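In my numbering, the protein residues as written are 18 to 209.
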Ligand SMILES: [Zn+2]
């Protein structure tokens, strides 16, 4: 048996002739304008044709990534507003979505070859959640670290002048330490 929908009380817009007129004028105005608004050009899953729903700020509709957050919240899960009456329902839905996505991901990962896994890991390492500025900073840090590593790996030039003197002193001190029978690795470790 089909359950009857509970009758809703009339809204303010339906309660008087004047309000109804204002409401229908607003709808007419919207309908006249909506055909000229920019449309989403994402390919629909069903037929790969352009989607044509009204585009949001980034040129995509609310289904095709228009609601994807930018800046600090890029690639971060958006939790529902706790004050909204629908918060609990939305939260449950979100958690179920995340679980489903995690299951799908682990199936995909399990089927990957080591090569594909490595590419997957590199792709995600290059797209950490958060702001573009933070990602740029991380890129800069990685670049600097690589430069330092390369510098350390380069053969060191023979010490000259003062440097050579210091080297000699260090060698002499090492020899003394050895003569005293002190374990060099241990003594160095103690100060490291
Ligand atoms: Zn779309």
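The beta carbon of each residue, even a glycine, is placed where N, CA and C say it ideally should be.
In this text, all values refer to a predicted model and were calculated from it rather than measured experimentally.
Report task. Assign residue 92 to one of two classes, buried (16 or more other C-beta atoms within 10 Å of its C-beta) or exposed (fewer than that). Result -> Mapped onto the chain shown, residue 92 falls at position 75. Burial call: exposed.
CB contact below 7 Å: residue 68 versus chain C
The structure shown contains no chain C, having only a single protein chain.
- Query: Is residue 54 near ligand 1, judged by its Cβ being under 6 Å from some heavy atom?
  - Reply: Reading the chain shown from its first residue, position 37 is the one you call residue 54. Checking the Cβ of residue 54 against ligand 1 gives no.
- Query: What are the complete alpha helix (DSSP H) segments, minimum 4 residues, inside the segment 23-77?
  - Reply: 34-51
- prompt: So is residue 60 buried or exposed if we call it buried at 16+ other beta carbons inside 10 Å?
  reply: As a working mapping, residue 60 is identified with position 43 in the chain shown. So residue 60 ends up on the exposed side.
Check your understanding: Can you give the Cα-Cα distance for residue 80 and residue 110, rounded to whole angstroms?
Key -> Taking the first residue of the chain shown as 1, we reach residue 80 at position 63. Taking the first residue of the chain shown as 1, we reach residue 110 at position 93. If you take the alpha carbons of residue 80 and residue 110, they lie about 16 Å apart.
* To do: Confirm the yes/no value for this check: CB of residue 70, any heavy atom of ligand 1, distance under 6 Å.
  => By 1-based counting over the chain shown, the position of residue 70 is 53. At a cut-off of 6 Å, the beta-carbon of residue 70 counts as near ligand 1: some heavy atom of the ligand is closer than that.
**Prompt:** How would you label residue 72, buried or exposed, when you count the other beta carbons within 10 angstroms and need 16 or more for buried?
**Reply:** As a working mapping, residue 72 is identified with position 55 in the chain shown. By the neighbour-count rule (16 or more Cβ atoms within 10 Å), residue 72 is buried.
- Quick one: using the 10 Å Cβ neighbour count with 16 as the cut-off for buried, is residue 77 buried or exposed? The residue labelled residue 77 in the question sits at position 60 within the chain shown. That one is buried.
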